[in-house]
Each structure stands twice: as structure tokens, then as C-alpha cells.
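Colleague: The structure that follows is given in the form of C-alpha cells.
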Amino acid sequence: MSLPQKRFFRQRAHSNPLADHSLEFPSCPSKMDWSEHFPLFFTKLGERFNDEENSMKTKKKVEFADVGCGYGGLLGSFCEVQVTVPRADINFKVGLADTFPEVLSLGLELRAKVADYAHKKILALREQNKSTGKYQNISIVRANAMKYLPYFFEKGQLKKIFFLFPDPHFKKSKHKWRIISPHLLSDYAYFLAVGGLLYTVTDVAELYEWEIKHLSEHPLFMRISNESLKGDATVDLILNSSEESKKVTRQGGDNKMGEIYYVSLFLFALVVF
Amino acid sequence: MTVSPQKNLPQFLITHPTDLSKLLVGYSCLLREFNLSSFNYKEIVAQTFKQDKRNFGLLVCACYSNSGDQVAIVNNLKELLVYSISNMDLVLNLFFALLFRVLPRSGVKVCFSKDNKSILVADKAGHVINYCIEKTEITQKILVDTLSTITDMYLSVSNYLAVCDREGRIRVSFFPNAYHILSYCIGHEGAVTCLSFTSSGLRLFSGSNDGTVKLWDPTNGKELFSLEPFSTVHKHKVCDLQCSASQHVCVCYEGLSVAEVYKYSLTTEGLETLLHVQSINTNSEVLQTVFDVENTLYILERCPPYITSYQFLEGFFSESSSEYLATDCYLSDLQ
Chain G
1 MSLPQKRFFR QRAHSNPLAD HSLEFPSCPS KMDWSEHFPL FFTKLGERFN DEENSMKTKK
61 KVEFADVGCG YGGLLGSFCE VQVTVPRADI NFKVGLADTF PEVLSLGLEL RAKVADYAHK
121 KILALREQNK STGKYQNISI VRANAMKYLP YFFEKGQLKK IFFLFPDPHF KKSKHKWRII
181 SPHLLSDYAY FLAVGGLLYT VTDVAELYEW EIKHLSEHPL FMRISNESLK GDATVDLILN
241 SSEESKKVTR QGGDNKMGEI YYVSLFLFAL VVF
Chain L
1001 MTVSPQKNLP QFLITHPTDL SKLLVGYSCL LREFNLSSFN YKEIVAQTFK QDKRNFGLLV
1061 CACYSNSGDQ VAIVNNLKEL LVYSISNMDL VLNLFFALLF RVLPRSGVKV CFSKDNKSIL
1121 VADKAGHVIN YCIEKTEITQ KILVDTLSTI TDMYLSVSNY LAVCDREGRI RVSFFPNAYH
1181 ILSYCIGHEG AVTCLSFTSS GLRLFSGSND GTVKLWDPTN GKELFSLEPF STVHKHKVCD
1241 LQCSASQHVC VCYEGLSVAE VYKYSLTTEG LETLLHVQSI NTNSEVLQTV FDVENTLYIL
1301 ERCPPYITSY QFLEGFFSES SSEYLATDCY LSDLQ
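Order-wise, the sequence lines are chains G and L.
No gaps in the numbering here: position 213 of the first sequence is 213 in this note's numbering, and each next residue is one more.
No gaps in the numbering here: position 47 of the second sequence is 1047 in this note's numbering, and each next residue is one more.
Pasting the structure below:
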């Protein structure tokens, strides 16, 4: 199977998250058939794996969620650079699939064509890497994260949640479409386990200020300073893997990389009262 | 709850939190508090403070404060009005429309908090707004924003705030810390139309457009029991349900002239379930059912005699004569 080409899957950047799209979602998280997404880890709903090793796998749950994953860059990409001589300083980990091979990661995307592209890409990557069995732990679902997250995830299920380059929605009347808002943060706090991490990155200064403001004001989130971010493999991934970050690098140039990106890490700490 | 198109017919019933003899009946433009023991009533004409005199404020919902001396009313002109029952003066008038100019949606449900210091209003845009009354100052705060039309809201005695919307989600959070979500009760396949906590606040009943009534544990969102739809042939949407202090649940379906009464109990294996107690047949479509503190059941119908009451005697609900309600509650002189 060959990788899909982006030029056939272009779609408008904005999509109304409050509209009633014709989306499919399970009637509750326990009724979700994950075998369609992670065939190696789950059997069809109701059936059990026969052997010991595989039945351990079915106890796994999706732990990383990429909200608004777009073309699936963070989840996994094909390696673009051909290297003849291996270099120790180049990190060839390609996305969440490789960096966290034991963890199930799910991407959520609202736009139909984009989700379709990412899905076809993941299937192609799996096909191409059949021998090593890579990319079996990532998948994408076309879903509306603002409305239907409770249908996919249970309380405290997620360990990391990513909001990479979300749509800034500059106009005041569109602020309610922003993915980071005080009330949605309560939702994300519910799905994150205690000690779970919420990552945001953007190249828009105004959106960055907005995100910091609402995350700081929310009683259930606690900020992790930028110093402790250095050396975190996930931060590296965020800045380099996703499609948007690659685009910004192409347009901005390497020397501006430090200025453009605002990475913030918020730790979800449960306040006991 | 559906709003009756006729202007002079009763649209909703509210029972008094402590006094058995008082019953609040809401019509299109006014509210009457009937005193069933002394056979008279007090009337509150719902005023409107909008400049446009052609717009009469049609009542959407109302509720008693926990002490029973105040009534909060929400009308379709996005106004929240609070009256003091004893002397029928307007205590507070709050325009919550002024703050939501961008969202031209009106309120759906109103309730008081336990300490009577806060009034919660749920509106069609998905917000639950908390109006806090401290002496003479009124502060407001958006507690919940579900991004979807709220269909019902319930504040339990255990300070759990449950909100359900037309997507089929039930969001249970703490109150007043509504940012701390206790659970999402997911399982309904259509809009959830009505909610009722049990008197202890530890169990939650919900009725939905998919025809089922489900029992939930609000602390973890687990579905404990699901009542089958009324019939397998037609889909009858649940339009109202309420749980009484005696653990009875009365359910009414849209378009049907019967109210089903169930008892919340345990099976022999210890599972929680609803056992059918009786079916109460009425003359016309049942709009609403309410219990009062002594477990008397009031049923509101679309056609005369409108309101019938049933007393709980020896395990069954038997009709008690309520001629007073039948005659006086029907207004023929309103235009």
C-alpha cells in the first residue's frame, strides 16, 4: 500500500465544532469496539484472545490523546531524510508510535478529509512495516472532541493530552470555538489521570496568552515551568513532528524556532477539598 | 416539559418543599399558589420589564426556594424574576439577557441552592449561571458551559449538580465547584429530557428520547439499571419523571395518557432495579408528574380535569378528590 498524497485530501482549515456533524460514536466508552483501531491489541467486542500474552494486551486502554491531530504528524510519520552514515545526535524517533511503543495513542480530528488522510496513512505505514510490527499502537478517529469525548474515554484514563497548534479563532464571536476554554478544561481534567499532563503549543502569541490565562485560572491545573521541559522527549516530538511545526520551520527558518513556539506544560493536579 | 400553546391552561406544577397544602401552578402568563386547605389562591402576574409592551412574558419554568417563601420565575424574554410569596412583591429582578446578548436563547430550568443564597439558571445555550445574592449585591458566574442545549438540571441535597443536554450526556459535578466533574453518565441514545435524584442524592434517574429510563450511580457514572421502553412497536419519549421520598418513581411518556409508577428496590441478588407498582390511567396526555413531601402524587394533563392528585395508601396510589383544583385551576377569562 502506498502512502496517500496530501494534495487529494485538502480541506478548509476551519470547521464548526458546535454543528451537528454526522459522526459515529459509541453509546458509551465500554461499548467502543477498539479492535477496529488497534487490531493487535483488541479483539472484537465480546470476544477474548485465546492466549495468555494477548489477553494481557486487552487490558490496555488509550492513554495518549492528540486533540485536533490534523494529518497525523505527531502520531507517526515516515522518515523523510535519507542518511548514509548514522549520526548519534540525530533522533530518528518518528512520532508517538516510535517514542512510546507500549502506549496506545489516539488522534481525534473533526474534518472528514483530513481524518481520512491520517487514517489511510496509518494503514499504509502499518502495511509497510509489517515485519517490525510498528505503528500498531496509533490510530485516528473522526470525532468532535468538544462534545463527544465522554463517549470515548473514561474518567482518569488519559496520561497525556496534546493540543498542538489549535485554530486560534481570532474573532470574539468565535472564541467559544476555541479548544482551550475554562469549561472544556474541566472536561479535560476529568479524563486526565491525576498527574497527567496537558501539552499546548502554538505560534500565535494571542492564543498563547489566552491558553496560559485559562489554564492558570483553572483550579485543577498546575503549571510546569519551562526549565523542566528541557530534555523531555515529548516536547522534542511536539516541536518537530507535527505537520504544522514542520510548516512553521519551513516558513520561519531554523533560527526563529525558539521564538515562534510557545510550549507550555500543565500538570493536572487534583485539588482535594 | 413542553409549553402548552393555550394561554389559559396550566403548564407546570411545583410542590412546596415543606407545606403540604400549597401547590404552585404555572400558566402562560401568571402563577397561582393554591392553598388546598383553605381553598384559596394567591396570584402572581408575571411582569415583564422589557420596553416592548407587545411581548408578554410567557412563563417557562419556576421553582420554590428551600424555605418556601420565595419563587423564582424564568420567562421566554430571558428574564429571571424572584418574588416573595408572603407579600407578593417583586424581590429581585435580574436581566440575564443583558449579559448574553450574543446568545439569544432563553432559560430552561431554575433552582435554588440549599442555603437559598444562590439561584441557578440553565439556559438553551448550554450555560448554567449562578446568581449569588449577598445582602444587596448580586454576583453572577457561569458555572457550566456544555455547548449544547440543556434540557434539565437538578441540584441534589448532597450538593451534586446534574445537567443533561440534547446530545444525551449527563454531567454530574460538585456544587458550587462545578469545574470539578464527578462523573459523566453516558449510555442514553437520544436527548435526555428529565433528571431526578433520589432523596438521599446517591442515585440518579434519567429519562430520554430513546424511550428508556436509566438508573445511575452519580459518583462513578455507572449505569445500574435500564427500564425498557414503554412499547417495542412505537418509540415513546419519556417526557417527565420524578422520584419521591418513599423511593417511588413516576414516569410519563410523551403522547400517552398513562403515568407509570415504579418502586426503586433491590432484587434477591442485590441488584438495584425498578419494580412496576401501578399504571395510572388519565383522560388525556400526561404532561408532568410531581410528588410532594408526603408522597402525594400530582399529575398534570393536557385536558380537563388538568390536575389530579393521588394519595399513597397501603402501597398504592389512589385518587383523592380534588374538586377544588379541578374547577378553580381552569381559567377561562384570560385572553
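The beta-carbon is built from N, C-alpha and C at its ideal position, and this holds for glycine as well.
As the structure is a prediction and not an experimental result, all values here were calculated from the model.
8 Å is my cut-off, CB to CB: does residue 1145 (chain L) come that close to chain G?
Modeller: Along the second sequence, read from residue 1 onward, the residue named residue 1145 (chain L) stands at position 145. With 8 Å as the cut-off, residue 1145 (chain L) counts as an interface residue toward chain G.
Colleague: Taking 6 Å as the limit between beta carbons, can you name the residues of its chain near residue 1265 (chain L), skipping five residues before and five after?
Modeller: Within the second sequence, residue 1265 (chain L) is the residue found at index 265, counting from 1. The residues are 1275.
Colleague: Just grab the DSSP bridge partners of residue 1215 (chain L) for me.
Modeller: As a position in the second sequence, residue 1215 (chain L) is number 215, starting the count at 1. Beta-bridge pairing links residue 1215 (chain L) to L:1205, L:1225.
Colleague: Using three-state DSSP, classify residue 192 (chain G) as helix, strand or coil.
Modeller: For this step, residue 192 (chain G) is matched to residue 192 along the first sequence. It is a strand residue.
Colleague: Which runs of the beta strand (DSSP E) at least 3 residues long sit entirely within the segment 18 to 42 of chain G? Give them in chain order.
Modeller: Entirely contained in the segment 18 to 42 of chain G, not one beta strand (DSSP E) run reaches 3 residues.
Colleague: Using alpha carbons as the reference points, say which of L:1239, L:1298, L:1225, L:1281 lies closest to residue 1016 (chain L).
Modeller: Numbered from 1 along the second sequence, position 16 holds the residue referred to as residue 1016 (chain L). With distances taken between Cα atoms, residue 1016 (chain L) lies closest to L:1298.
Colleague: Which one of L:1290, L:1303, L:1209 has the shortest CA to CA distance from residue 1228 (chain L)?
Modeller: Translated into the one-based positions of the second sequence, residue 1228 (chain L) becomes position 228. Residue L:1209 is the option with its Cα nearest to residue 1228 (chain L).
Colleague: Please report whether the beta-carbon of residue 203 (chain G) lies at a distance below 8 Å from any beta-carbon of chain L.
Modeller: In the first sequence, counting from the first residue as 1, residue 203 (chain G) sits at position 203. So no, residue 203 (chain G) is outside the interface.
Colleague: In the structure shown, what three-state DSSP assignment does residue 128 (chain G) receive?
Modeller: The residue given as residue 128 (chain G) occupies position 128 in the first sequence. Reduced to three states, the DSSP call for residue 128 (chain G) is helix.
Colleague: Looking only at its own chain, which residues have a Cβ that is under 6 Å from the Cβ of residue 11 (chain G), when we skip the five neighbours before and after it?
Modeller: As a position in the first sequence, residue 11 (chain G) is number 11, starting the count at 1. Contacts found: 111, 113, 114.
Colleague: From the DSSP output, which residues share a beta bridge with residue 1249 (chain L)?
Modeller: As a position in the second sequence, residue 1249 (chain L) is number 249, starting the count at 1. L:1243, L:1262, per the DSSP bridge assignment.
Colleague: Beta carbons nearer than 7 Å to chain G: which residues of the segment 1181 to 1195 of chain L have them?
Modeller: Residues 1181, 1183, 1184, 1186, 1187, 1189.
Colleague: Can you pull the chain L neighbours of residue 218 (chain G), defined as C-beta to C-beta under 8 Å?
Modeller: Position 218 of the first sequence, counting from 1, holds the residue named residue 218 (chain G). Chain L residues near residue 218 (chain G): 1179.
Colleague: How big is the Cα-Cα spacing for residue 199 (chain G) and residue 97 (chain G)?
Modeller: As a working note, residue 199 (chain G) is residue 199 in the first sequence. As a working note, residue 97 (chain G) is residue 97 in the first sequence. Cα-Cα distance, rounded: 17 Å.
Colleague: Roughly how many whole angstroms lie between the Cα atoms of residue 1296 (chain L) and residue 1240 (chain L)?
Modeller: Position 296 of the second sequence, counted from the start, is the residue given in the question as residue 1296 (chain L). Position 240 of the second sequence, counted from the start, is the residue given in the question as residue 1240 (chain L). Rounded to whole angstroms, residue 1296 (chain L) to residue 1240 (chain L) spans 17 Å at the Cα level.
Colleague: Do you know how far the Cα of residue 1253 (chain L) is from the Cα of residue 223 (chain G)?
Modeller: Against the first sequence, residue 223 (chain G) aligns to sequence position 223. Against the second sequence, residue 1253 (chain L) aligns to sequence position 253. The straight-line gap from Cα to Cα measures roughly 49 Å.
Colleague: Just to make sure I have the definition right: I need the residues of chain L whose C-beta is within less than 7 Å of the C-beta of residue 18 (chain G). Which are they?
Modeller: Indexing the first sequence from 1 puts residue 18 (chain G) at position 18. In chain order: 1147.
Colleague: What first and last residue would you give for the beta strand (DSSP E) that runs through residue 66 (chain G)?
Modeller: Here residue 66 (chain G) is taken as the residue at index 66 of the first sequence, counted from 1. Element bounds for residue 66 (chain G): 62 to 67.
Colleague: Distance, Cα to Cα, residue 1124 (chain L) vs residue 1204 (chain L)?
Modeller: As a position in the second sequence, residue 1124 (chain L) is number 124, starting the count at 1. As a position in the second sequence, residue 1204 (chain L) is number 204, starting the count at 1. Rounded to whole angstroms, residue 1124 (chain L) to residue 1204 (chain L) spans 22 Å at the Cα level.
Colleague: Can you grab the Cα-Cα spacing for the pair residue 103 (chain G) / residue 1140 (chain L), in whole Å?
Modeller: Along the first sequence, one-based indexing puts residue 103 (chain G) at 103. Along the second sequence, one-based indexing puts residue 1140 (chain L) at 140. Residue 103 (chain G) and residue 1140 (chain L): Cα-Cα distance of roughly 43 Å.
Colleague: Rounded to whole angstroms, what is the Cα-Cα separation between residue 6 (chain G) and residue 117 (chain G)?
Modeller: Your numbering for residue 6 (chain G) matches position 6 in the first sequence. Your numbering for residue 117 (chain G) matches position 117 in the first sequence. Going from the Cα of residue 6 (chain G) to the Cα of residue 117 (chain G) covers about 7 Å.
Colleague: Which stretch, first to last residue, makes up the alpha helix (DSSP H) that contains residue 216 (chain G)?
Modeller: In the first sequence, counting from the first residue as 1, residue 216 (chain G) sits at position 216. 205 to 217 is the span of the alpha helix (DSSP H), which, as asked, contains residue 216 (chain G).
Colleague: Rounded to whole angstroms, what's the CA-CA distance from residue 1282 (chain L) to residue 1147 (chain L)? Just pull it up for me.
Modeller: For the purposes of this step, residue 1282 (chain L) is taken as the residue at position 282 of the second sequence. For the purposes of this step, residue 1147 (chain L) is taken as the residue at position 147 of the second sequence. Those two C-alpha atoms are separated by around 38 Å.
Colleague: Expressed to the nearest angstrom, what Euclidean distance is found between the alpha-carbon atoms of residue 1069 (chain L) and residue 1155 (chain L)?
Modeller: Position 69 of the second sequence holds residue 1069 (chain L). Position 155 of the second sequence holds residue 1155 (chain L). Near 19 Å, if we compare the C-alpha coordinates of residue 1155 (chain L) and residue 1069 (chain L).
Colleague: In whole angstroms, what is the alpha-carbon distance linking residue 233 (chain G) and residue 100 (chain G)?
Modeller: In the first sequence, counting from the first residue as 1, residue 233 (chain G) sits at position 233. In the first sequence, counting from the first residue as 1, residue 100 (chain G) sits at position 100. Each residue's Cα considered, the two are about 10 Å apart.
Colleague: If you run the structure through DSSP and keep just helix, strand and coil, what is residue 159 (chain G)?
Modeller: By 1-based counting over the first sequence, the position of residue 159 (chain G) is 159. Note: residue 159 (chain G) maps to strand in three-state DSSP.
Colleague: When you compare each of L:1194, L:1187, L:1160 to residue 1178 (chain L) by their alpha carbons, which one comes out closest?
Modeller: The count along the second sequence starts at 1 and reaches residue 1178 (chain L) at position 178. When each option's Cα is compared against that of residue 1178 (chain L), the closest is L:1160.
Colleague: Thinking C-alpha only, which one of G:166, G:122, G:225 is nearest residue 38 (chain G)?
Modeller: Residue 38 (chain G) sits at position 38 when you count from the first residue of the first sequence. Minimum Cα distance to residue 38 (chain G) is reached at G:122.
Colleague: Within the same chain, show all residues whose beta-carbon is closer than 8 Å to that of residue 184 (chain G), passing over the 5 residues directly before and after it, in chain order.
Modeller: Locating residue 184 (chain G) in the first sequence gives position 184, where the first residue counts as 1. Excluding sequence neighbours, residue 184 (chain G) sits near 146.
Colleague: Would residue 1187 (chain L) pass as a contact of residue 1238 (chain L) if the rule is Cβ separation under 8 Å?
Modeller: To locate residue 1187 (chain L), count along the second sequence from 1; it is residue 187. To locate residue 1238 (chain L), count along the second sequence from 1; it is residue 238. It is not a contact, given that the beta carbons lie outside the stated cut-off.
Colleague: Would a check of beta-carbon distances place residue 236 (chain G) closer than 8 Å to chain L?
Modeller: Position 236 of the first sequence, counted from the start, is the residue given in the question as residue 236 (chain G). By this cut-off, residue 236 (chain G) is not an interface position.
Colleague: Using the three-state DSSP reduction, which class does residue 240 (chain G) fall into: helix, strand or coil?
Modeller: Residue mapping note: residue 240 (chain G) aligns to position 240 of the first sequence, counting from 1. Correct three-state label for residue 240 (chain G): helix.
Colleague: In chain order, what residues of the same chain have a beta carbon less than 7 Å from the beta carbon of residue 1201 (chain L), not counting five sequence neighbours either side?
Modeller: The residue labelled residue 1201 (chain L) in the question sits at position 201 within the second sequence. Excluding positions up to five away in sequence, the list reads 1156, 1157, 1158, 1160.
Colleague: What is the DSSP secondary structure of residue 1191 (chain L), reduced to helix, strand or coil?
Modeller: For the purposes of this step, residue 1191 (chain L) is taken as residue 191 along the second sequence, with counting starting at 1. Three-state DSSP puts residue 1191 (chain L) in coil, outside helix and strand.
Colleague: By the 10 Å Cβ neighbour count, where 16 or more other Cβ atoms means buried, how is residue 107 (chain G) classified, buried or exposed?
Modeller: Your numbering for residue 107 (chain G) matches position 107 in the first sequence. With 16 or more Cβ atoms within 10 Å of its Cβ, residue 107 (chain G) is classed as buried.
Colleague: Strictly under 8 Å for the Cβ-Cβ distance: is residue 208 (chain G) near chain L by that measure?
Modeller: In the first sequence, counting from the first residue as 1, residue 208 (chain G) sits at position 208. Residue 208 (chain G) does not count as touching chain L.
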